[in-house]
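Working notes for the structure below.
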Amino acid sequence: AQTVTQSQPEMSVQEAETVTLSCTYDTSENNYYLFWYKQPPSRQMILVIRQEAYKQQNATENRFSVNFQKAAKSFSLKISDSQLGDTAMYFCAFMTANTGNQFYFGTGTSLTVIP
Amino acid sequence: ETGVTQTPRHLVMGMTNKKSLKCEQHLGHNAMYWYKQSAKKPLELMFVYNFKEQTENNSVPSRFSPECPNSSHLFLHLHTLQPEDSALYLCASSQDTPGGITHGYTFGSGTRLTVV
């Protein structure tokens, strides 16, 4: 079974500080892709960052970076220099080509950036 | 706007009503999806269309009926819904290639559905 677990339903961080959101997943596949999506109050899910499982180097996108630990099946998201606009729900997801391109999502982490 | 537009943004309907949700994408993608988002639950995949052909139907009750007349438009027809069907319904699109949809989905802003 393919599952994604986000164990932190809610988190908060002071503006300009760094926060890490955790995600673990379970799959028997070896080739897959991992994603973090952001859903602000506007409700639009926006892709934050993606990681190919076959790449050892951790993906980075400006203030967003991941810590990908394939053996531990862990895929955490680090947000540096947090900004008020980072307040949102964050969803971890993965997909494998062998599962019909279906995405598997976690339950989300609600992040609040405090001024 | 990300290129995926959903209407209406909000919908309140009675259990005996018939309504439709609309999704439109202008990205040239060849796959479209309906997801149901409920509080504290993972997103639930409902339907998948590749090249206008339905390829997934994840045991969705027949009171939800999808329609994909072309690769740019996707509808979700609703009839005799239950209060537990109240949720945010998200449409997404992607470019499906032999290697998979490795660049992720583009989502719409969703329709907030309330069944009374």
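Protein sequences appear in the order of chains B and Y. Last residue of the first sequence: 95 in the working numbering, with the numbers rising by one and none dropped. Last residue of the second sequence: 118 in the working numbering, with the numbers rising by one and none dropped. C-beta: ideal position from N, C-alpha, C; glycine also.
Burial state of residue i, where buried means 16 or more other Cβ atoms lie within 10 Å
{"i": "H31 (chain Y)", "result": "buried"}
{"i": "F71 (chain B)", "result": "buried"}
{"i": "Y34 (chain B)", "result": "exposed"}
{"i": "R30 (chain B)", "result": "buried"}
{"i": "P10 (chain Y)", "result": "exposed"}
{"i": "A94 (chain Y)", "result": "buried"}
{"i": "D61 (chain B)", "result": "exposed"}
{"i": "D87 (chain Y)", "result": "buried"}
{"i": "N52 (chain Y)", "result": "buried"}
{"i": "P68 (chain Y)", "result": "buried"}
{"i": "G106 (chain Y)", "result": "buried"}
{"i": "D66 (chain B)", "result": "buried"}
{"i": "V50 (chain Y)", "result": "buried"}
{"i": "P71 (chain Y)", "result": "exposed"}
{"i": "A52 (chain B)", "result": "exposed"}
{"i": "Q(-14) (chain B)", "result": "buried"}
{"i": "Q19 (chain B)", "result": "buried"}
{"i": "V(-1) (chain B)", "result": "buried"}
{"i": "Q37 (chain B)", "result": "exposed"}
{"i": "Q8 (chain Y)", "result": "buried"}
{"i": "V14 (chain Y)", "result": "exposed"}
{"i": "T7 (chain B)", "result": "buried"}
{"i": "T(-17) (chain B)", "result": "exposed"}
{"i": "S111 (chain Y)", "result": "buried"}
{"i": "P44 (chain Y)", "result": "buried"}
{"i": "T89 (chain B)", "result": "buried"}
{"i": "S96 (chain Y)", "result": "buried"}
Contacts of residue i in chain Y (Cβ-Cβ under 7 Å)
{"i": "L27 (chain B)", "result": "G106"}
{"i": "R23 (chain B)", "result": "L90, S111 and G112"}
{"i": "F74 (chain B)", "result": "None at all; the shortest Cβ gap to chain Y is about 11 Å."}
Chain Y contact residues for residue i, given Cβ-Cβ distances below 8 Å
{"i": "T87 (chain B)", "result": "K42, K43 and P44"}
{"i": "F15 (chain B)", "result": "G106"}
Beta-carbon separation (whole angstroms), residue i vs residue j, contact threshold 8 Å
{"i": "Q(-6) (chain B)", "j": "I94 (chain B)", "result": "5 Å"}
{"i": "L29 (chain Y)", "j": "T108 (chain Y)", "result": "6 Å"}
{"i": "V117 (chain Y)", "j": "M34 (chain Y)", "result": "Actually they are not in contact, since the Cβ atoms of V117 (chain Y) and M34 (chain Y) sit about 24 Å apart, beyond 8 Å."}
{"i": "G5 (chain Y)", "j": "Q27 (chain Y)", "result": "6 Å"}
{"i": "Y91 (chain Y)", "j": "T57 (chain Y)", "result": "Between T57 (chain Y) and Y91 (chain Y) the Cβ distance is about 19 Å, and since that is not below 8 Å, they are no contact."}
{"i": "M(-9) (chain B)", "j": "L91 (chain B)", "result": "5 Å"}
{"i": "H81 (chain Y)", "j": "K20 (chain Y)", "result": "4 Å"}
{"i": "L14 (chain B)", "j": "F55 (chain B)", "result": "5 Å"}
{"i": "Y12 (chain B)", "j": "T87 (chain B)", "result": "At roughly 19 Å, the Cβ-Cβ gap does not stay under 8 Å, so Y12 (chain B) and T87 (chain B) are not in contact."}
{"i": "V74 (chain B)", "j": "Y17 (chain B)", "result": "The amino acid occupying residue 74 (chain B) in the given sequence is Phe; Val does not appear at that position. So it is not a contact: roughly 11 Å between Cβ atoms."}
Per-residue contacts from residue i into chain Y (C-beta, under 9 Å)
{"i": "V(-16) (chain B)", "result": "P44"}
{"i": "N30 (chain B)", "result": "The residue you asked about is not Asn; residue 30 (chain B) is Arg in the sequence shown. Correct list: T104, H105 and G106."}
Mind checking the segment 31 to 63 of chain Y against chain B and listing, in chain order, the residues whose C-beta falls within less than 8 Å of any C-beta there? Along the segment 31 to 63 of chain Y, the positions whose C-beta sits under 8 Å from a C-beta of chain B are A33, K42, K43, P44, L45, L47, V50, T57 and E58, read in chain order.
Enumerated in chain order, which unbroken segments of the alpha helix (DSSP H) with a length of 4 residues or greater are wholly contained in the segment -19 to 31 of chain B? List check, alpha helix (DSSP H) in window: nothing returned.
3 or more residues per run - each beta strand (DSSP E) lying fully within the segment 37 to 75 of chain B: Correct list: 44 to 49, 54 to 59 and 68 to 75.
Please specify which runs of the beta strand (DSSP E), each continuous and at least 3 residues long, are wholly inside the segment 43 to 71 of chain Y, giving them in chain order. Contiguous beta strand (DSSP E) elements confined to the segment 43 to 71 of chain Y occur at 46 to 52 and 55 to 59, taking only those with 3 or more residues.
Counting only runs that start and end within the segment 79 to 104 of chain Y, where is the beta strand (DSSP E) found for 3 or more residues in a row? Counting whole runs of 3 or more residues, the segment 79 to 104 of chain Y contains the beta strand (DSSP E) stretches 89 to 96.
Where in the segment 7 to 32 of chain Y do unbroken runs of the beta strand (DSSP E), each at least 3 residues long, occur, reported from the N-terminal end onward? Whole beta strand (DSSP E) segments, 3+ residues: 12 to 15 and 20 to 27.
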